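Below is one structure, written out as structure tokens, with a few remarks after it.
Number of protein chains: 2
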Amino acid sequence: MLTSSDIAREAGVSQTTVSRVLNDDPRVTKETRQRVIDVIDRHGYTPNAIARGLVTSRTSLVGVLISDIMNPFYPELLEAIGSQLAAYGLRMLVADTASQPEEVHARLLVEHRVDGIVFTSALLDSQTVASLAARRFPIVLANRYVDGVECDTVTTDNGGGAKAVAEHLLELGHERIAVVTGNEKSSTSRDRYAGFVAVLEEAGVGLDPTLVRTGDYDYERAHATTVELLELTPPPTAIFCLNDVMAFATLNACRRLRVGVPEEVSVVGFDDIRASSYEAYELTTVRQPLGELARTAVDLLAERVAAPDVPPRSLVFPSRLIRRKTTAPPRRAIRRRTVAQADGRRANG
Amino acid sequence: MLTSSDIAREAGVSQTTVSRVLNDDPRVTKETRQRVIDVIDRHGYTPNAIARGLVTSRTSLVGVLISDIMNPFYPELLEAIGSQLAAYGLRMLVADTASQPEEVHARLLVEHRVDGIVFTSALLDSQTVASLAARRFPIVLANRYVDGVECDTVTTDNGGGAKAVAEHLLELGHERIAVVTGNEKSSTSRDRYAGFVAVLEEAGVGLDPTLVRTGDYDYERAHATTVELLELTPPPTAIFCLNDVMAFATLNACRRLRVGVPEEVSVVGFDDIRASSYEAYELTTVRQPLGELARTAVDLLAERVAAPDVPPRSLVFPSRLIRRKTTAPPRRAIRRRTVAQADGRRANG
DNA sequence: TGCGGCGCTGCATACGTAGTCATGGCATAG
DNA sequence: CTATGCCATGACTACGTATGCAGCGCCGCA
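Chains as they are written, first to last, in this note's numbering: chain R, 5 to 353; chain G, 5 to 353.
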């Protein structure tokens with residue numbers, strides 16, 4: 005491979021000058037610059053970012069940690085992050101923590117001296133995040149936060165979104181509601197569940213513990229769980245899945261069992277990934293402003309790299325309920341709802 | 005950041021010895037090694053892969069070029085590639101050519117001195133691939149090949165898969181078949197289309213040119229195209245989409261227009277991505293052995309990095325038709341098929 | 001006891017670039 | 001005409017690691 009010295013020799017200048025040309029240093033004559041550029045073009049020389057990184061201790065590389073690239077939520081997030089990084093001249097080093105533990109990936113990223121790391125799937129007790137934050141390595145938590153760690157964080161209002169779901173379902177008259185939770189160690193699942201329960205309790209509508217199942221944000225698991233739920237007597241009238249992928253699994257399980265949605269059971273998801281709006285699903289769900297979230301996360305990271313000493317910032321973006329066609333009043337809701345309202349709700353209100 | 009010299013000083017050894025410990029060099033006493041490891045652990049030292057890369061001219065980084073990360077096919081492929089790379093101790097530098105031209109991404113990857121590049125979405129006339137191959141830079145084409153370029157290539161038998169689709173549809177009695185093609189400059193789309201047409205022609209079943217539309221492997225575009233196709237009189241009795249994502253679009257368009265699948269129109273896809281088997285679609289499609297494809301691509305690349313002078317190899321994996329529920333005989337097929345068979349097909353057989 | 005050999009360690013250097021400091025040329029001001 | 005200063009350029013060095021080569025001590029064999 006050619007080096008800048010090779011180019012310099014051929015152009016009759018010093019390696020320093022070549023370096024200046026490559027970095028758009030203004031103190032190079034137009035003629036000299038052109039001469040160097042000609043030689044570069046002629047030979048197809050490519051500067052060595054490794055050597056540059058060694059000197060500048062900047063690599064223009066940013067690690068992005070993902071837990072499950074098969075979940076379409078993450079490609080959507082990745083795309084947004086990637087394009088915003090590109091705006092800063094940065095590149096993504098993607099690592100899927102499905103293949104190896106988060107810690108291993110993070111260590112390798114640090115070895116490669118990435119300028120920073122974006123965590124999209126950190127768990128609440130992530131030691132990796134804690135230790136990196138303690139060492140003041142530039143990181144940003146996008147989508148999920150970590151308990152007890154002070155660092156730049158960008159999330160959606162998961163609690164608020166789940167509350168909107170609860171209000172929506174209550175409004176429709178549902179009282180026997182199942183919840184399929186996500187990864188129990190994720191802040192998203194915890195916050196969504198907490199927000200949902202809070203509204204239900206306030207309304208005096210209890211959540212039957214046997215109707216709360218963990219789906220681990222996993223399609224297969226949620227599918228199996230839904231089958232179990234639908235075989236209960238009586239089955240729930242509504243199922244709130246804490247992400248869209250699990251909601252798809254639920255909808256598909258309903259199809260398999262020939263359970264009508266929303267006639268027999270309402271289904272709600274969370275995320276509003278692209279496929280949620282497809283005719284195959286038309287899922288009622290909660291929209292996250294993914295673009296803004298990603299953009300802000302990258303902005304924060306870039307700022308931190310530039311100024312490591314600014315205090316950590318946490319931003320929360322609002323979420324929004326998107327009503328589509330998977331929610332409706334429960335069967336025989338008219339009667340039951342009136343009774344319920346006359347009895348339970350007023351008594352508790 | 006700590007350096008190996010810092011560790012060396014503290015452990016009372018030379019930087020060389022620290023380097024040897026890190027690289028599992030056998031000629032270091034057990035005691036010395038332990039002493040060094042202790043210091044490393046105590047300080048949380050992380051070796052600098054940049055500096056290492058400068059010396060060894062190996063980065064353990066492999067670039068992976070993707071055209072559209074939102075197409076679930078690519079996350080599936082990515083996951084397979086990533087896990088196989090991990091087996092070699094290599095890491096993925098993912099670049100989505102949706103954000104910037106392939107050429108720009110490739111240049112940056114080369115600047116970062118990646119050990120090699122996996123192209124998953126190269127177009128038939130890719131200058132980037134041609135120039136890299138000419139410079140003997142280690143690359144491998146996975147999924148798609150490039151015309152006139154000799155380099156390691158791993159593909160699925162796209163022509164064969166499409167032929168199986170054609171035979172399947174003919175067997176069911178379809179004669180008015182629409183095709184929604186992919187990116188016209190991709191080898192996959194070209195080969196699939198060619199294989200499909202070949203079988204139809206051999207059977208004496210013509211392909212009405214107005215029924216051949218480009219969908220560019222894009223969901224939205226295929227959705228709109230399907231609407232147009234279904235509004236024709238008479239509409240096609242079957243639609244072959246050259247990938248699954250477009251087939252989903254077609255199925256969803258059918259849902260929107262309340263066109264029964266497979267009663268009124270049969271739909272076939274290609275790829276067999278995960279969602280194709282979901283109850284929402286149950287798509288008849290062609291399965292690609294994605295795991296094998298990815299694994300082999302990485303193997304080839306690794307071998308080429310080790311031995312740059314071995315002649316390029318091209319491997320083609322068989323594809324397989326997966327019959328699900330989106331294909332059936334056309335309406336009034338019994339009569340029409342018999343007539344057709346008695347006339348056209350026998351006359352041409 | 002002497003010498004060769006082996007096992008362990010350290011010294012010095014190279015990798016390709018960016019940046020610091022020095023140099024020489026030229027113009028402008030005194 | 002000289003002094004000052006700026007501009008364009010170049011020599012030199014550092015970045016952190018790996019590696020070739022040298023050194024040193026110890027063991028075994030003659």
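All C-beta atoms, glycine included, are put in the ideal place defined by N, C-alpha and C.
Given the structure is predicted, the values throughout are model-derived calculations rather than measurements.
Check	Outcome
Apply the 10 Å Cβ neighbour rule to R:D42 and answer buried if 16 or more other Cβ atoms are within range, or exposed otherwise.	exposed
Give me the residue from R:A207, R:G186, R:P239 with the minimum Cα distance to R:R225.	R:G186
Return the CA-CA distance between G:F244 and R:L58, expressed in angstroms with no decimal places.	53 Å
Which residues of chain R have a Cβ atom closer than 8 Å to the Cβ of G:R259, listed in chain order?	E283, A284
Could you pull the start and end residues of the alpha helix (DSSP H) that G:S193 belongs to?	191-206
Which residues, taken in chain order from the region 111-124 of chain R, show a beta carbon closer than 9 Å to some beta carbon of chain G?	R111, L112, L113, V114, E115, H116, R117
Runs of 4 residues minimum, wholly inside the region 101-175 of chain R: which ones carry the alpha helix (DSSP H) assignment?	106-115, 131-138
Which residues of chain R have a Cβ atom closer than 7 Å to the Cβ of G:V98, listed in chain order?	M96, V98
Just confirm the distance between the C-beta atoms of R:S280 and R:D248, as a whole number of angstroms; I'd bet it's less than 8 Å.	5 Å
Extract the residue ranges of the beta strand (DSSP E) inside the region 243-285 of chain G, only unbroken runs of 3 or more that lie entirely within it.	270-272
Closer than 7 Å, Cβ to any Cβ of chain G: which residues of the region 54-78 of chain R, in chain order?	I54, A55, G57, L58, T63, I73, M74, P76
Alpha carbons only, please: which of G:E171, G:Q19, G:L65, G:E235 is nearest the one belonging to G:I143?	G:L65
Taking Cβ-Cβ distances shorter than 8 Å, what residues in chain R pair up with G:Q104?	A90
Can you check whether the CB of G:S191 is closer than 7 Å to the CB of G:Y149?	yes
Give me the residue from G:V68, G:V309, G:L6 with the minimum Cα distance to G:R2.	The displayed coordinates of chain G run from 5 to 353. Any statement about residue 2 of chain G would go beyond what the structure contains.
Taking the beta strand (DSSP E) that R:A182 falls in, what are its first and last residues?	181-185
Can you name the residues of chain G whose CB is closer than 8 Å to the CB of R:E80?	M74
Does any residue of chain G have a CB that is nearer than 7 Å to the CB of R:N256?	yes
Alpha carbon to alpha carbon, how far is G:F274 from R:E83?	24 Å
How about G:G348: is its C-beta nearer than 7 Å to some C-beta of chain R?	Unreliable positioning characterises G:G348 in this predicted model, as indicated by a pLDDT of 39, which lies under 50. A coordinate reading is not provided.
What does the Cβ neighbour count give for G:A344, buried or exposed, with the cut at 16 atoms within 10 Å?	Low local confidence applies: a pLDDT of 41 at G:A344 is under 50, so the model's placement there is unreliable, and no value is given.
What's the gap between the Cα of G:G16 and the Cα of G:T36?	9 Å
First and last residue of the beta strand (DSSP E) that includes R:T289?	289-291
Considering Cα atoms alone, identify which of R:C155, R:V209, R:L174 is closest to R:R140.	R:C155
Under 7 Å between C-beta atoms, does G:E83 make it to chain R?	yes
Sort G:A55, G:L69, G:V320, G:R194 by Cα distance to R:R117 and report the nearest one.	G:A55
I'd like the span of the beta strand (DSSP E) that includes R:G67, first residue to last.	65-70
Within this structure, are the beta carbons of G:V133 and G:A146 separated by less than 7 Å?	no
Out of G:R62, G:A102, G:A332, which has the shortest C-alpha to C-alpha gap to G:I73?	G:A102
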